[in-house]
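Chemist:
Number of protein chains: 2
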Amino acid sequence: MDFSQLLLIPIIAGIVGLILALILYFRVKAQPDGNETMNRIATYIREGAMAFLVREYKVLSVYVVIVGLALFLSLGVMAAVSFVLGALLSLLAGFFGMKAATYANVRTAQAASSKIKSKALLVALDGGAVMGFSVAGLGLLGLGVLYFIYSQSPELPTVLHSFAVGASSIALFARIGGGIYTKAADVGADIAGKVIEGIPEDDPRNPGVIADNVGDNVGDVAGMGADIYESMVAAIVSAMAIGLTTHLDQIKNLVTDMSAGEENLRWFAVALPLILSALGLFISVVVVLLARMLKNSSPAQVLRNSLMLPPVMLTLVAYLVLPLFGISQNVTIALASGAFGGALIGLVTEYYTAMKPIRQVAEANLTGAATGIIRGLAVGMESVALPMFIVVIAAYFADQALGLYGIALSAVGMLAGTAVVMTVDAYGPIADNAGGISEMSGLGSDVRAITDELDAVGNTTAAIGKGFAIGSAILTVVALFSAFNMEVNHARLNAGVAALSLDLASSRVLIGILIGSVLPFLVSAATMMAVGRAAQKIVTEIARQFKEIPGLLQGKSEPEPAKIVDIATQAALVEMILPGLIAVLSPVIIGFTLGPAALAGTLAGAMAVGATMALFMANAGGAWDNAKKFIEKGGLVGHKKGSEVHKAAVVGDTVGDPFKDTSGPGVAILIKVMSVVSLLLAQLIALIG
Amino acid sequence: MDFSQLLLIPIIAGIVGLILALILYFRVKAQPDGNETMNRIATYIREGAMAFLVREYKVLSVYVVIVGLALFLSLGVMAAVSFVLGALLSLLAGFFGMKAATYANVRTAQAASSKIKSKALLVALDGGAVMGFSVAGLGLLGLGVLYFIYSQSPELPTVLHSFAVGASSIALFARIGGGIYTKAADVGADIAGKVIEGIPEDDPRNPGVIADNVGDNVGDVAGMGADIYESMVAAIVSAMAIGLTTHLDQIKNLVTDMSAGEENLRWFAVALPLILSALGLFISVVVVLLARMLKNSSPAQVLRNSLMLPPVMLTLVAYLVLPLFGISQNVTIALASGAFGGALIGLVTEYYTAMKPIRQVAEANLTGAATGIIRGLAVGMESVALPMFIVVIAAYFADQALGLYGIALSAVGMLAGTAVVMTVDAYGPIADNAGGISEMSGLGSDVRAITDELDAVGNTTAAIGKGFAIGSAILTVVALFSAFNMEVNHARLNAGVAALSLDLASSRVLIGILIGSVLPFLVSAATMMAVGRAAQKIVTEIARQFKEIPGLLQGKSEPEPAKIVDIATQAALVEMILPGLIAVLSPVIIGFTLGPAALAGTLAGAMAVGATMALFMANAGGAWDNAKKFIEKGGLVGHKKGSEVHKAAVVGDTVGDPFKDTSGPGVAILIKVMSVVSLLLAQLIALIG
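Same order as they appear, the protein sequences are chains F and Y. Okay, so the first sequence: first residue is 17 according to our numbering, each after it adds one. Okay, so the second sequence: first residue is 17 according to our numbering, each after it adds one.
Spelled out as structure tokens, the structure:
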């Protein structure tokens with residue numbers, strides 16, 4: 017049987033995803049966009065967000081040129097081209113998705129002002145889906161085309177790894193830069209507005225409010241998009257890389273009978289990750305269309321079901337279809353372990369950031385901010401355990417089924433619903449922005465009630481989405497790590513050198529582990545300080561405006577939001593460089609000086625610390641955030657908004673801002689980037705040390 | 017040449033240490049103990065501390081009996097006896113040292129009231145030295161005697177490992193229980209007194225003040241003592257274990273020529289760690305006597321020099337003496353790398369908790385508690401890097417000199433000054449208590465000025481001491497980890513089974529790493545929550561007393577401090593059990609179910625996360641603490657004690673309390689206990705999986 021026409025499936029899936037994204041984009045743009053005030057505010061936000069993207073992309077183009085050149089000189093022209101392609105598609109997805117999101121926000125507000133909740137929900141969801149299907153479609157299209165061209169070439173691994181490094185690099189800077197931007201603006205506007213001047217959130221007099229809304233897009237749409245695009249690409253590439261280099265004995269359980277021959281077995285192992293991801297995209301299309309049909313259910317229902325459906329459908333379809341091609345159910349086991357593992361991690365995250373622990377954090381604020389913060393930290397620490405154990409169990413089943421290749425497939429399974437997860441993630445800031453625009457244009461409290469409900473739902477599902485993102489990052493890193501080790505030994509074997517001992521008892525590996533364990537802390541420290549510094553500057557500028565612009569506090573004159581946007585942009589672009597370089601250069605430096613064994617140790621140490629720190633920071637931040645909201649909704653009798661207890665909770669919420677949206681995601685992307693870069697380096701450093 | 021008389025050196029050193037401790041104990045007790053009020057308060061503190069120790073020891077005796085029985089059944093009578101001995105000596109050191117500290121506190125206050133600072137310094141220093149030399153003396157005596165008896169027995173490894181497990185177990189519970197006690201009392205008394213009732217620190221009307229002072233002894237004397245005793249024992253045992261099992265090729269650089277024969281080489285490798293520690297004790301005696309002679313210098317000078325002298329003297333003596341016995345200077349290199357590494361880590365800790373970063377944390381409080389906390393977290397995160405790199409560099413040099421055995425010797429070198437480090441550590445709470453007693457007995461501000469200076473010096477050196485403790489813990493864990501791996505393979509070799517692959521690329525090891533990375537977070541979460549819960553109970557009880565005891569707030573009637581002491585004791589004893597069991601049982605469960613490869617991975621993961629988290633939490637806590645003190649001393653012009661900025665800094669200080677004194681040390685001891693228990697298990701689980 018000739019399977020080669022199957023190679024077209026990922027390409028077709030990519031194109032289908034992009035066409036859907038395009039259709040939804042125009043649907044969103046065709047919606048009514050409200051009155052003049054709304055449009056002015058929305059334009060501020062859109063222009064601020066786009067200005068940030070353009071300036072960020074300029075900085076990144078320098079990086080892309082330098083690294084591209086380095087790759088051209090060390091690994092040849094195709095490495096450079098693939099790297100640039102991987103980066104470019106990420107930028108494209110970010111650009112397109114953010115454009116859609118910044119059209120959708122004001123149109124969601126306008127739909128809400130027509131009082132039909134389902135219509136508002138749909139606009140926000142469509143806006144998010146543009147990002148969702150851009151990300152998944154471009155990822156599949158890029159990898160699919162490269163594989164189509166290079167499937168028989170010895171350059172295939174280099175091409176794939178370079179593509180992944182391109183994707184990772186952009187994700188790294190977009191995530192960290194976006195994270196610094198969004199939280200600097202958020203913390204700065206909050207402290208200057210709510211704490212110092214005593215005016216409410218999203219008040220149009222506050223010069224920082226526009227920057228805060230821009231930040232939502234920059235961080236949670238563009239940054240998150242690049243991050244998830246990277247995870248999907250990295251998961252697929254690591255599985256393909258393991259498929260390419262693993263011993264055939266290790267994957268003989270992939271097919272139901274070996275009569276097809278070894279050649280076909282290898283072929284399957286390499287092509288399967290792409291084809292299964294394509295399957296995931298088709299399923300995502302169905303899920304998003306279903307969600308549109310069910311738009312009259314409660315928004316919470318619609319979003320939750322969307323997140324829980326893909327694992328079920330993927331498992332079912334794999335179970336029914338794979339045997340037709342002679343592929344064993346071991347593949348289904350590996351896929352399902354990841355897909356359900358991801359969903360479970362999402363639910364655990366929801367528990368820690370929305371249920372009983374939130375009440376406990378809120379109550380701890382009764383004796384002051386300190387006890388509230390202690391409790392939030394403790395909740396965050398405790399929340400590390402279950403997701404990690406879920407990853408361990410998923411990895412265990414996948415390993416039993418198909419060895420390390422199975423673990424990589426498990427990551428592919430976890431990320432099969434990428435388009436849906438990203439849709440829901442991008443929905444959040446659109447709904448949030450819609451609320452901000454309603455408030456700033458004075459659309460009235462009944463409109464605000466609708467946008468508030470949409471926003472609240474977005475917050476809960478954002479927690480699930482974040483859990484997903486970090487869980488998949490961890491599993492992807494495990495897979496990448498295995499791929500790196502195989503790649504090194506593959507290169508050594510080809511050079512006639514003995515396989516490398518990565519024994520934990522060797523001092524090289526041990527030293528690597530100790531070095532690796534430090535890197536997540538350095539990146540966290542750098543990003544936390546960056547947010548603090550930038551927020552400080554914004555507070556100063558807002559205070560200046562309130563002091564120097566006559567009548568601003570009385571609402572008689574206009575603030576100058578562009579200045580705040582500029583400060584946040586400038587700070588983000590400068591401050592993202594150091595943590596970014598730590599991530600990219602540390603594997604290079606360690607690999608070329610201490611060799612592959614130390615680098616493997618470094619990856620292991622960084623993985624152990626990075627995975628747990630990312631979960632800790634994300635969930636502690638989420639817990640403080642929602643504890644504050646719990647108090648605002650009247651959860652603690654006698655302690656309303658504005659009370660001492662509420663003020664204490666605000667302190668926790670503010671500490672949590674850079675935790676959950678800057679440093680936590682920054683650490684997760686750090687370990688992915690380190691692993692991807694190491695994978696690319698593997699053949700260059702295999703013989704060192 | 018017959019070296020066997022050298023075996024008496026550790027025993028003699030141990031006895032010398034104990035005699036010195038005894039002499040100092042009686043010297044302290046012979047000092048004048050002040051007026052009736054002072055004695056009443058001091059008695060409260062002493063009785064509270066002793067009552068806690070007695071109740072804690074009762075709980076621990078159950079544990080010792082159960083584990084002793086398990087060891088008797090699995091490894092024989094000598095394992096059980098050694099285990100009990102290791103535990104008993106730790107308890108003895110804690111008992112004796114705390115007795116001395118609780119006599120020294122009031123006598124220091126009395127000496128201060130005679131206005132001669134050097135006299136007060138001396139009493140506090142002598143009180144600390146009792147603990148210092150008890151810890152070092154009992155450790156050396158116990159190990160020395162066991163080695164003297166069993167040096168030729170095949171049971172030697174089991175005996176040594178069991179002794180270390182005994183020491184570790186007590187350290188674990190003493191550290192965690194003591195940590196919970198001290199911070200629950202501290203946080204509870206502070207919130208109830210300073211925040212709610214608005215009365216100053218150490219005010220005699222506050223029913224929680226006695227418990228707070230008891231806590232200083234329970235945590236920083238007894239807990240710290242057991243911890244450092246354990247580190248010393250574990251470092252020596254791991255070096256001896258590696259010496260026993262390593263291939264002779266690996267340690268042939270130990271001697272200057274091999275003519276003495278292989279037998280002597282092995283003998284040297286095993287005996288050297290004990291003999292070098294004995295050398296460290298003799299040097300410590302000299303250093304403490306020197307400090308007494310220099311008592312008229314500034315207290316800061318005296319303490320700093322004491323901490324910095326041992327590495328210099330140890331290196332010098334080793335360099336001059338070792339060649340006389342045909343031992344190579346490689347040993348000096350390994351020792352010096354650890355000894356100077358420890359001192360450097362101490363200085364780095366001092367930088368992060370006392371210098372520029374403190375000012376930055378203090379200034380971050382200008383925009384509120386949230387920014388102050390963010391900055392403190394960032395400082396703590398950044399502070400992880402240098403100590404870890406110092407450990408890496410120390411390990412690198414030691415490894416170059418003598419392989420993994422060298423790394424273990426490096427840990428021995430770092431802990432050679434144990435007696436001095438412990439003296440300085442125990443000095444801290446004595447000076448702190450002296451201040452409390454002066455305040456509560458109304459000794460006047462000039463007396464308080466002297467105790468305040470002694471206390472402030474104690475705080476700075478405490479930071480250095482803590483850095484030392486964590487640094488040595490990390491290096492010890494690296495050594496223990498290597499010893500475990502060797503022990504497993506030694507057992508497999510003896511059983512005729514192939515050496516175990518601890519390859520990072522194996523899924524067993526990877527799964528172990530992920531599991532291990534979670535455990536420090538679980539222990540942190542459990543201890544943070546324990547402090548929060550217990551503090552809450554104390555706040556409630558203090559509020560009750562202020563409400564129900566007529567005239568208490570007016571100072572017309574007496575509080576009931578015993579009730580607070582009881583609550584703290586009860587909470588500490590109950591809450592220490594869960595984290596304690598996690599530490600002891602996790603290696604047992606993982607070892608017997610998933611086997612030694614997964615356990616090695618678990619240790620590696622726990623080490624990576626535990627080492628960095630311990631540094632992060634200790635230093636963030638220290639930074640907040642000293643930022644608050646910086647503001648109190650007028651470091652921020654216009655923002656004195658009681659200002660909004662100061663209040664914000666108090667929030668950070670309170671969050672930092674469980675960070676630096678409960679969870680941070682708890683995590684450090686966790687990874688030591690896990691490693692020691694694994695080492696003991698090695699031969700039992702070597703063939704599993």
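For each residue, glycine too, the CB sits at the ideal point set by N, CA and C.
Here's the rule I'm using: 16 or more other beta-carbon atoms within 10 Å means buried, otherwise exposed. How should F/K572 be labelled?
Modeler: exposed
Chemist: Kindly say whether Y/N280, judged by its beta-carbon, lies nearer than 8 Å to any beta-carbon of chain F.
Modeler: no
Chemist: Assuming Y/A710 contacts Y/Q47 under a Cβ cut-off of 8 Å, what Cβ separation, rounded to an integer in Å, is found between them?
Modeler: Coverage of chain Y is limited to positions 17 through 705, which leaves residue 710 of chain Y absent and any answer about it impossible.
Chemist: Okay, do the region 519-535 of chain F and the region 596-615 of chain F touch, 3+ Cβ pairs below 8 Å being the bar?
Modeler: yes
Chemist: What three-state label does DSSP hand F/D49 in the structure shown?
Modeler: If DSSP states are grouped into helix, strand and coil, F/D49 belongs with coil.
Chemist: Under a three-way DSSP split, which group does F/D519 fall into?
Modeler: Looking at F/D519 - three-state DSSP - the assignment turns out to be strand.
Chemist: Count the other CB atoms within 10 Å of the CB of F/P26; is the residue buried (16 or more) or exposed (fewer)?
Modeler: Buried, since its Cβ has 16 or more Cβ neighbours within 10 Å.
Chemist: Whether or not the region 481-490 of chain F and the region 452-468 of chain F are in contact is what I'm after, with contact meaning three or more pairs of Cβ atoms, one per stretch, closer than 8 Å; do they touch?
Modeler: The region 452-468 of chain F, when compared against the region 481-490 of chain F, does not touch it at the 8 Å Cβ threshold.
Chemist: I need the boundaries of the alpha helix (DSSP H) containing Y/D468, first residue and last residue.
Modeler: Note, Y/D468: alpha helix (DSSP H), S461 to N510.
Chemist: Check whether the Cβ of F/L538 lies closer than 8 Å to any Cβ atom in chain A.
Modeler: The chain labelled as chain A is not found among the protein chains of the depicted structure, namely F and Y.
Chemist: What's the C-alpha gap between F/M17 and Y/A521?
Modeler: Caution applies to F/M17, whose pLDDT of 49 falls short of 50 and renders its modelled position unreliable; the value that the coordinates give is listed next. Computed Cα separation, rounded: 35 Å.
Chemist: Excluding the 5 residues flanking Y/A29 on each side, which residues of the same chain have their C-beta closer than 7 Å to its C-beta?
Modeler: L156, A294, L297 and F298
Chemist: Using three-state DSSP, classify F/V547 as helix, strand or coil.
Modeler: helix
Chemist: Does DSSP classify F/F537 as helix, strand or coil?
Modeler: helix
Chemist: Quick one: list the residues of chain Y neighbouring F/D415, beta-carbon separation under 7 Å, in chain order.
Modeler: Per Cβ cutoff of 7 Å: S523.
Chemist: Closer than 7 Å, Cβ to any Cβ of chain Y: which residues of the region 652-673 of chain F, in chain order?
Modeler: V667, T670 and V671
Chemist: Once DSSP output is grouped into helix, strand and coil, what is the label at Y/I343?
Modeler: strand
Chemist: Starting from F/R391, find everything on chain Y with Cβ-Cβ shorter than 9 Å and list it in chain order.
Modeler: M544, M545 and G548
Chemist: What in chain F is Cβ-close to Y/V534, meaning under 8 Å?
Modeler: V400, A401, M404, F405 and T628
Chemist: Have a look at Y/F284 and Y/L162 and give me their C-alpha separation to the nearest angstrom.
Modeler: Approximately 17 Å between the Cα atoms of the pair.
Chemist: Grab me the residues of F/L530's own chain with a C-beta within less than 7 Å of its C-beta, minus the 5 sequence neighbours each way, in chain order.
Modeler: For F/L530, where only same-chain residues beyond five positions count, the Cβ hits under 7 Å are G621.
Chemist: Give the straight-line distance between the Cα atoms of Y/D582 and Y/K645, rounded to the nearest whole angstrom.
Modeler: Each residue's Cα considered, the two are about 30 Å apart.
Chemist: Could you pull out every residue in the same chain whose Cβ sits closer than 7 Å to the Cβ of F/L305, ignoring the five residues on either side in sequence?
Modeler: There are no such residues.
Chemist: From Y/I390 to F/M544, what distance separates their C-alpha atoms?
Modeler: 7 Å
Chemist: Thinking C-beta only, is F/D142 closer than 8 Å to Y/D519?
Modeler: no
Chemist: So that I know if they touch, is there some Cβ in chain F lying closer than 8 Å to that of Y/L526?
Modeler: yes
Chemist: Helix, strand or coil for Y/L24? Go by DSSP, reduced to three states.
Modeler: Helix.
Chemist: With three or more beta-carbon pairs closer than 8 Å as the criterion, would you say the region 457-470 of chain Y touches the region 49-58 of chain Y?
Modeler: yes
Chemist: Short of 6 Å in beta carbon distance, which residues of its chain neighbour F/L23, apart from the five on each side in sequence? Order them along the chain.
Modeler: F164
Chemist: Since F/I598 meets chain Y, which of its residues come closer than 7 Å, beta carbon to beta carbon?
Modeler: Proximity of chain Y to F/I598 at the Cβ level (cut-off 7 Å) is not reached, the minimal Cβ distance being about 10 Å.
Chemist: Going straight from the alpha carbon of Y/G194 to that of Y/S679, what length do you get?
Modeler: 11 Å
Chemist: Tell me, please, whether the CB atom of Y/T3 is closer than 8 Å to any CB atom in chain F?
Modeler: Because chain Y spans 17 through 705 in this model, residue 3 of chain Y falls outside it and cannot be assessed.
Chemist: By the criterion of Cβ-Cβ separation under 8 Å, what are the contact partners of F/V494 in chain Y?
Modeler: L526 and L530
Chemist: Sort out for me which residues DSSP pairs F/V271 with in a bridge.
Modeler: Looking at the DSSP assignment, F/V271 forms a beta bridge with F/I343.
Chemist: F/T434 CB to nearest chain Y CB: under 8 Å?
Modeler: no
Chemist: Which one of Y/E398, Y/V473, Y/L491 and Y/S694 has the shortest CA to CA distance from Y/I606?
Modeler: Closest by alpha carbon: Y/S694.
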